[in-house]
Amino acid sequence: MEYFTKEFWFLLTGIFVVLEVVLGFTIVCLFAALSCFTVGIMVTFSLAPNTIQQLAYFFGFTFLWTILAYKPLVNLVKKAPKDSYNNIIGGIAEVTEKNLIAGKIGAVKWSGTIFKAMLAIDAEEKEISVGKNVTIVAVKENIFIVK
């Protein structure tokens, strides 16, 4: 039985890497790519002479790479905590569009972008006019809480 060439396995590695990027880093194709690369190296050194062995090694290495690398990769890809707005809190924003009135949602401009905003419950002023600067004290559900 004729065996796949090493070029086939390295080409398949590239295809799986491209699929991984196109599909949005699902991690699944990454393990298949690592397996293809490993089998390609084995074929290069004549350690997997026939097609059946190469396919068996491919599936075996896919399983092995999954066992070894899944947990570390998931930890690496983990998202930041939901309420990590450290770079926003304490920032200065400018009231835009209309006056910011206590209890109502208004708009502020921060870092060149307009965001929804509300006055903090303990704010000294109950209304802030357009053009005035406010300090961002919290972010809740994508709404800036300002004073």
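Using the numbering used here, the first residue of the sequence shown is number 12, and each one after it goes up by one. Quick reminder that beta carbons are idealized off the backbone N, C-alpha and C, glycines included.
Does DSSP classify residue i as helix, strand or coil?
i	result
residue 111	strand
residue 130	strand
residue 146	strand
residue 156	strand
residue 118	strand
residue 141	coil
residue 99	coil
residue 151	strand
residue 105	strand
residue 125	strand
residue 36	coil
Going by beta carbon distance, what residues of the same chain come within less than 6 Å of residue i, once the five residues before and after it are set aside?
i	result
residue 12	Confidence at residue 12 is low in this model, with a pLDDT of 41, below 50, so the placement of that residue is unreliable and no value is reported for it.
residue 38	84
residue 149	156
residue 143	106
residue 31	40 and 41
Taking all protein chains shown into account, do 16 or more other C-beta atoms lie within 10 angstroms of the C-beta of residue i, making it buried, or fewer, making it exposed?
i	result
residue 130	buried
residue 139	buried
residue 43	buried
residue 46	buried
residue 54	buried
residue 36	exposed
residue 41	buried
residue 56	exposed
residue 87	exposed
residue 23	buried
Short of 8 Å in beta carbon distance, which residues of its chain neighbour residue i, apart from the five on each side in sequence? Order them along the chain.
i	result
residue 125	107, 108, 118 and 119
residue 8	Here the chain comprises residues numbered 12 to 158, so residue 8 is not present and cannot be evaluated.
residue 50	20, 59, 65, 68, 69 and 72
residue 114	129 and 130
Kindly give me the distance between the Cβ atoms of residue i and residue j, rounded to whole angstroms, as I take these residues to be in contact under 8 Å.
i	j	result
residue 154	residue 137	Wrong, their Cβ atoms sit about 18 Å apart, outside the cutoff.
residue 100	residue 26	That pair is no contact at about 45 Å.
I'd like to confirm something about residue i: is its beta-carbon nearer than 7 Å to some heavy atom of the ligand PLP, or not?
i	result
residue 53	Questions concerning the ligand PLP fall outside what the structure shown contains, since it holds no ligand whatsoever.
Query raised in the report: Any chance the region 61-80 sits against the region 96-112, with 3 or more Cβ pairs inside 8 Å?
Result: Output reads no: the region 96-112 does not touch the region 61-80.
Query raised in the report: Does the region 116-125 come close enough to the region 79-87 to have 3 or more Cβ pairs within less than 8 Å?
Result: Segments in contact, no.
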